[in-house]
Amino acid sequence: MKISSKAKNKKDSTPTGGRIAAVESTNDEWELDHSKLSLGLRFACGAHSRVHHGMYKDNPVAVKITRPPSTDGEENGAMAARLEKQFNREVTLLSQLHHQNIIKLVAATCKKPPEFCIVTEYLSGGSLRAFLHKIEKKPLPLRKLIPIALNIARGMEYVHSQGVVHRDLKPENLLFDHDFHLKIADFGISCREANCGTLSDEDPGTYRWMAPEMIKHNKHKHYGRKVDVYSFGLILWEMLSGTIPFEDMTPIQVAFAVANKNLRPVVPADHPPPLRALVEQCWSLNPDKRPDFWQIVKILEQFESSLASDGMLNHVQNPLRHDHKKKSLLCRIQNKLASISHGSTPISA
């Protein structure tokens, strides 16, 4: 499999969008050597794919195999094309993203009849979804929650620095290694920020964690990296509350309520005010009022330091005083804390 440099510069206007690479049967650093791959038991599956344990060159790996439907019929043909583009995009992006909080690509291949295979490092700790399910809907202790949130924020800070929008950030796509170090996975519907807001999406993500501007998106309305910040706010809330967002609603009901009624989950009054304020900033209706991930990292690092020193989350100090051109996120959070202390908890507009 080869990712051609010519294809890297080709814009794509297909449903999944972004820049995608052509896949050719030529040796390169990502080509899968089938003679060195042994497939083990399946541990996850989807509508068109399954994921197996495996060994590749004597290292444990996860092997995702996608088999598109036959191209007979217009609907099957469109699905097959979309799955191929998702495969191309995921391989292209993972081959370019190198960070301790991003899952590592090991190899990939495309065979005929169509079968797409992506081999990544195996993360034995399972997903954040499985971990939250295991603790039976109990809130995560802050000493566990803050490091997990920092892992996500640092990984997403890097992803955004590379001009990429994940678009499907949720607990199922956040995986732990054996040391409980978290990595971000599943870049199948990710895109370059310059392109993703202009796409006509057929597979846009997951409604429960989807930003309102992404739900309402059309060709006249652009969205960008702040959709991931919104999703992060929902993940923070889920770790704090121990429950799935909008658990008593169908995905379609969630999409309608978020997009048309500005609905957000209820934040219990006993949540730590500094963290509660950060959650509400992250899911602000106005994307410009949501923080960037580099700001979130600074805030969470202060939370971590505060927990280590006195076991509490104290009011954060402002790390952005040097920037007089921007209204400080932390000033907004401190204002939010003041409103919380007076019993007012409005959703940020």
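Going by the UniProt record's numbering, 121 is the number at position 121 of the sequence shown; the sequence numbering is gapless.
Glycine included, each C-beta is placed from N, C-alpha and C at the ideal position.
Straight-line Cα distance separating residue j from residue i
i              : j                 : result
isoleucine 299 : leucine 278       : 9 Å
leucine 140    : phenylalanine 131 : 10 Å
leucine 41     : glutamate 136     : 27 Å
valine 254     : asparagine 286    : 18 Å
proline 171    : lysine 85         : 24 Å
histidine 271  : alanine 108       : 44 Å
leucine 32     : arginine 82       : 22 Å
alanine 80     : leucine 94        : 21 Å
tryptophan 283 : alanine 211       : 8 Å
tyrosine 223   : serine 35         : 44 Å
leucine 142    : valine 258        : 28 Å
alanine 78     : proline 68        : 10 Å
valine 119     : leucine 263       : 39 Å
leucine 123    : alanine 62        : 8 Å
glutamate 238  : histidine 178     : 23 Å
alanine 54     : valine 106        : Here residue 54 is glycine; the residue named in the question, alanine, does not match the sequence. Roughly 12 Å separates the two Cα atoms.
lysine 326     : isoleucine 296    : Summary for lysine 326: the model assigns pLDDT 47, below 50, so the residue's position carries little reliability, and this model does not support an answer.
asparagine 76  : lysine 112        : 17 Å
Delimiting residues of the beta strand (DSSP E) encompassing residue i
i              : result
glutamate 238  : Run containing glutamate 238: none in the beta strand (DSSP E); it sits in the alpha helix (DSSP H), 226 to 241.
glutamate 121  : 115 to 121
arginine 42    : 37 to 45
alanine 62     : 59 to 66
leucine 278    : Taken as a continuous stretch (DSSP letters only), leucine 278 belongs to no beta strand (DSSP E), being part of the alpha helix (DSSP H) at 273 to 282.
isoleucine 184 : 182 to 184
leucine 174    : 174 to 176
Opening and closing residue of the alpha helix (DSSP H) in which residue i lies
i                 : result
methionine 156    : 142 to 161
arginine 50       : Note, arginine 50: premise wrong, no alpha helix (DSSP H); beta strand (DSSP E) at 49 to 56.
serine 305        : 293 to 310
phenylalanine 256 : 251 to 261
glutamate 29      : Here glutamate 29 belongs to no alpha helix (DSSP H), and DSSP marks it neither H nor E.
isoleucine 215    : 212 to 215
For residue i, three-class secondary structure by DSSP
i                 : result
phenylalanine 131 : helix
lysine 104        : coil
arginine 192      : strand
lysine 85         : helix
threonine 109     : strand
glycine 126       : strand
valine 91         : helix
Proximity of residue i and residue j at Cβ, strictly below 8 Å
i              : j              : result
isoleucine 65  : cysteine 117   : yes
histidine 52   : leucine 39     : yes
glutamate 193  : glycine 163    : yes
tryptophan 294 : glutamate 157  : yes
valine 187     : glycine 125    : This sequence places phenylalanine at residue 187; valine is not what is there. The answer is no: Cβ separation not under 8 Å.
proline 291    : glutamine 302  : no
proline 265    : proline 245    : yes
glutamate 304  : isoleucine 184 : no
histidine 160  : arginine 225   : yes
Own chain, CB closer than 6 Å to residue i, minus 5 neighbours either side, in chain order
i             : result
serine 231    : Leu169, Trp209
glycine 242   : Lys137, Lys138, Pro139
serine 306    : Leu313, Asn314
valine 91     : Ala108
aspartate 323 : At aspartate 323 the pLDDT is 48, less than 50, meaning the model places this residue with poor confidence and gives no usable figure here.
glutamate 121 : Lys104
serine 308    : Just to set this straight, residue 308 is alanine in the shown sequence, not serine. Closer than 6 Å at the Cβ level, and outside the excluded window around alanine 308, lies no residue.
proline 268   : none
serine 13     : Residue confidence is low: serine 13 scores 33 on pLDDT, short of 50, so the model does not pin down where it sits. Its coordinate-derived value is still stated next. Excluding sequence neighbours, serine 13 sits near nothing in its chain.
Neighbourhood of residue i by C-beta distance below 8 Å, restricted to the same chain and skipping five residues each side
i            : result
arginine 167 : Ile189, Ser190, Cys191, Cys196, Pro204, Gly205, Met214, Val227, Asp228
proline 251  : Thr206, Tyr207, Arg208
glutamine 96 : Gln162
leucine 182  : Asn101, Leu128, Ile148, Asn151, Ile152, Gly155, Leu174, Leu175, Phe176
cysteine 45  : Val51
Check: residue i C-beta below 7 Å from any heavy atom of the ligand ZN
i         : result
serine 38 : The ligand ZN is not part of the structure shown, which contains no ligands of any sort.
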